[in-house]
Each structure stands twice: as C-alpha cells, then as structure tokens.
Amino acid sequence: MRHIILCSLIAVLSLTLCRAGEIVLPASALERDAPVTAYYRTNSRATGKGSLSIRWSDAHGRVVEDRQIPVELL
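Numbering-wise (the numbering used here), the sequence shown opens with residue 2 and increments by one.
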C-alpha cells in the first residue's frame, strides 16, 4: 500500500514540475496572406536560449518554407 502511494506521489510531482509549453493561436480561422500572432506560454520558471524550427508545407507535402528563429526566454 505504501508503495502505491509513493508511486502516485512521484507521478503527480513529475506531471506538475515537467509541464510542457503551450502554443496559443487565435480562435478565428487563419488567412493565407495575413500574419498570425501566436503566443508561446511556459511555466514561470522557464529561462534560457533556444530556437524555434518552423516548416511549412503545402497539401502535397512540398516544403514551402523551412526556417529557424532564435529565441531567448528571460
């Protein structure tokens, strides 16, 4: 019984501490020729440098644009 409680506690703490980020897009439909404002939300303790890899493809799987954008979380 104590083993089950300990495993449950470890699972809950792992899920709480290791929560992933979230990309938030506008609720409306996206237009092809208009810019899109998106927000990346992390937990409050996230800091550091990295890059955002974006790969756009069309309906036939052809790559339209492939870029990396450097980001820094303060």
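Each residue gets a CB set at the ideal place from its N, CA and C atoms; glycine is no exception. Bear in mind that the values here come from a model prediction, so they are computed numbers and not experimental data.
Would you call the segment 65-73 in contact with the segment 49-57, where contact means no fewer than 3 C-beta pairs closer than 8 Å? yes
Would you kindly report the start and end of the unbroken beta strand (DSSP E) that includes VAL25? Walking along the sequence shown from the start, residue 25 turns up at place 24. Its beta strand (DSSP E) spans residues 23-25.
Boundaries (first-last residue) of the beta strand (DSSP E) holding PRO71: On the sequence shown, residue 71 is found 70 positions in, with the first residue counted as 1. Its beta strand (DSSP E) spans residues 64-74.
Closest residue to GLU73 among ALA30, ALA47 and GLY22 (Cα-Cα distance): Residue 73 sits at position 72 when you count from the first residue of the sequence shown. Per the Cα distances, ALA47.
One or two residues paired with ARG56 in a DSSP bridge: Here residue 56 is taken as the residue at index 55 of the sequence shown, counted from 1. ASP67.
Quick check: the Cα distance between ARG63 and ARG33, rounded to an integer number of angstroms? Stepping through the sequence shown from its first residue, residue 63 is reached at position 62. Stepping through the sequence shown from its first residue, residue 33 is reached at position 32. C-alpha separation (whole angstroms): 16 Å.
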